[in-house]
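Presented below is the structure to which this report refers.
2 protein chains.
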Amino acid sequence: MSTAQETAGGEVEPWEEVTPDAARRLLIAAVEAFAERGYHATTTRDIAGRAGMSPAALYIHYKTKEELLHRISRIGHDRALDILRTAARREGSAAERLADAVSSFVRWHAGRRTTARVVQYELDALGPEARAEIVALRRQVDAEVRGIIEDGVASGEFDVPDVHGTTLAVLSLCIDVARWFTVNGPRTPEEVGALYADLVLRMVGAE
Amino acid sequence: MSTAQETAGGEVEPWEEVTPDAARRLLIAAVEAFAERGYHATTTRDIAGRAGMSPAALYIHYKTKEELLHRISRIGHDRALDILRTAARREGSAAERLADAVSSFVRWHAGRRTTARVVQYELDALGPEARAEIVALRRQVDAEVRGIIEDGVASGEFDVPDVHGTTLAVLSLCIDVARWFTVNGPRTPEEVGALYADLVLRMVGAE
DNA sequence: GCCCACGCTAAGCGAGCGCTCACTTTCGGC
DNA sequence: GCCGAAAGTGAGCGCTCGCTTAGCGTGGGC
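First to last, the protein sequences are chains V and U.
Sequential numbering of the first sequence, starting at 1, is according to UniProt numbering.
Sequential numbering of the second sequence, starting at 1, is according to UniProt numbering.
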């Protein structure tokens with residue numbers, strides 16, 4: 001790999017931005033535990049144990065258990081938004097950009113399934129302020145996808161009677177991958193991404 | 001309405017089968033609480049309180065808190081399966097049956113959103129045996145949708161390269177409705193059902 | 001060689017959890 | 001009018017939760 005920040009696939013190694021090392025280990029342990037059992041069923045003792053530390057060590061790096069979830073959710077949403085923005089702003093037709101957005105968004109939900117599960121399904125465990133911050137990010141996610149679809153409608157590439165509803169459906173399709181995808185299943189993240197991109201192009205009447 | 005079991009819309013009144021009355025009130029309270037906060041964040045005191053009873057009353061009708069979730073999940077999956085079977089076995093073309101299945105399944109996820117949330121997202125809170133029973137029901141749900149799509153492919157109505165993957169996508173679309181739908185939103189369950197049925201017909205190349 | 005700031009642990013606090021128990025109330029059968 | 005079964009309550013048990021506190025080991029600065 002070219003730098004310490006990139007994998008062979010070119011994807012940024014996740015959680016690089018979390019320092020120091022002990023804080024990152026705790027956060028990764030929390031992602032795994034939250035994804036497996038859910039936020040409320042996960043104990044601080046479990047998180048600390050997975051990170052190879054005592055329960056008290058958690059509180060040196062994070063004020064509360066909720067702050068851990070907040071940090072995970074914030075970073076995860078930033079990454080998701082980044083993926084969509086990259087696809088939305090590249091060169092190419094609306095169909096190409098939509099297919100790119102869907103396939104890369106799906107690849108993330110499948111390949112980083114533990115993170116995606118926490119990001120998509122544990123929002124309600126956050127307090128009001130943290131929740132509001134994340135909801136704002138979700139609106140930006142929605143706007144990126146809607147923007148591509150509107151471009152396609154304007155250029156005549158797409159035939160979409162209900163842009164808002166179709167945007168919702170496209171995001172539904174992508175997000176639900178985090179619910180059912182498993183590494184033991186018959187499909188790779190790449191295969192699911194390609195399939196779903198094709199299905200979405202059909203949904204917008206681009207084929 | 002024709003009988004005590006049916007609403008004006010012809011839908012069977014839910015939880016009719018749960019008796020006695022106190023057990024039903026507790027179960028309905030549990031559905032609301034689980035849907036709002038999640039199984040693990042819900043206390044038995046909260047459930048009993050919503051039903052207007054003391055915490056101890058819960059244990060007269062249910063052995064454990066988990067038994068409540070199990071009963072809810074079982075009844076909910078039975079109802080979901082019933083909806084899909086009714087659509088799959090009616091008269092008509094594959095396209096008509098698929099549109100009927102999707103629109104009624106989506107209407108259920110939107111209109112009975114609290115139940116659907118518990119049914120679709122709290123599976124992991126069940127113990128191994130209960131979980132296995134529910135997973136078997138989900139396979140039947142999958143089989144019903146796949147059957148309609150296979151019919152359409154066989155008759156030449158549909159153009160679907162990947163039947164299993166497309167089945168997964170159709171169910172994803174329907175199920176995710178329980179995550180985002182809200183009664184305060186701009187759409188009625190009927191509108192979302194009609195929109196999603198149309199999008200699914202596009203996905204299978206039926207238009 | 002001393003020191004102290006930092007990272008961490010062992011022990012444990014108060015609170016709230018799922019669930020139980022001893023008891024009361026209600027009510028149909030005779 | 002009495003009785004046993006069924007349904008419900010108030011009090012609280014044993015436990016585990018999120019989180020705190022007092023103190024220990026260690027390594028860089030001087």
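C-beta: ideal position from N, C-alpha, C; glycine also.
Can you give me the C-alpha to C-alpha distance between residue i and residue j, rounded to a whole angstrom?
i, j, result
"V119(U)", "E91(V)", "42 Å"
"A178(V)", "R187(V)", "14 Å"
"R131(U)", "L123(U)", "7 Å"
"T7(U)", "W108(U)", "Its pLDDT being 41, under 50, T7(U) is placed unreliably by the model, and nothing is read from it."
"Q5(U)", "T182(V)", "At Q5(U) the pLDDT is 43, less than 50, meaning the model places this residue with poor confidence; the figure from the coordinates comes in the next sentence. So the alpha carbons of these two residues sit roughly 40 Å apart."
"T64(V)", "L98(U)", "48 Å"
"Q140(U)", "V18(V)", "44 Å"
"A101(V)", "I83(V)", "7 Å"
"D176(V)", "D198(V)", "17 Å"
"S172(V)", "S172(U)", "7 Å"
"A94(V)", "D78(U)", "42 Å"
"E66(U)", "A110(U)", "25 Å"
"V106(U)", "G193(U)", "5 Å"
"E150(U)", "V170(U)", "13 Å"
"T43(V)", "A30(V)", "9 Å"
Identify which residue in the options has its Cα closest to the Cα of residue i.
i, options, result
"R37(U)", "R117(U), G76(U), E129(U), P55(U)", "R117(U)"
"S73(V)", "A136(V), R202(V), V177(V), R179(V)", "A136(V)"
"D142(V)", "T64(V), A30(V), T166(V), A154(V)", "T166(V)"
"G156(U)", "L81(U), A23(U), V204(U)", "V204(U)"
"R146(U)", "L69(U), A33(U), D78(U), A88(U)", "A88(U)"
"Y59(U)", "S172(U), A125(U), E133(U), L26(U)", "L26(U)"
"T86(V)", "H70(V), S103(V), I75(V)", "S103(V)"
"L68(V)", "E190(V), A33(V), E207(V), L168(V)", "A33(V)"
"L20(V)", "D46(V), A57(V), T42(V)", "A quick correction: the sequence has Pro, not Leu, at residue 20(V). The shortest C-alpha separation from P20(V) is found at A57(V)."
"M53(U)", "A23(U), D162(U), R71(U)", "A23(U)"
For residue i, which of helix, strand or coil comes out of DSSP?
i, result
"E66(U)", "helix"
"S155(U)", "coil"
"G147(V)", "helix"
"E133(U)", "helix"
"T48(U)", "Looking at the sequence shown, residue 48(U) is not Thr but Ala. Three-state result, A48(U): helix."
"V18(V)", "coil"
"residue 224(U)", "As displayed, chain U neither begins before 1 nor continues past 207, which places residue 224(U) out of reach and without an answer."
Could you spell out the range, first to last residue, of the alpha helix (DSSP H) harbouring residue i?
i, result
"E190(U)", "189 to 203"
"V163(V)", "163 to 180"
"A23(V)", "21 to 37"
ask   = Can you list, in chain order, the stretches of the alpha helix (DSSP H) that have 4 or more residues and sit fully within the stretch 50 to 128 of chain V?
value = 58 to 61, 65 to 88, 94 to 111, 113 to 121
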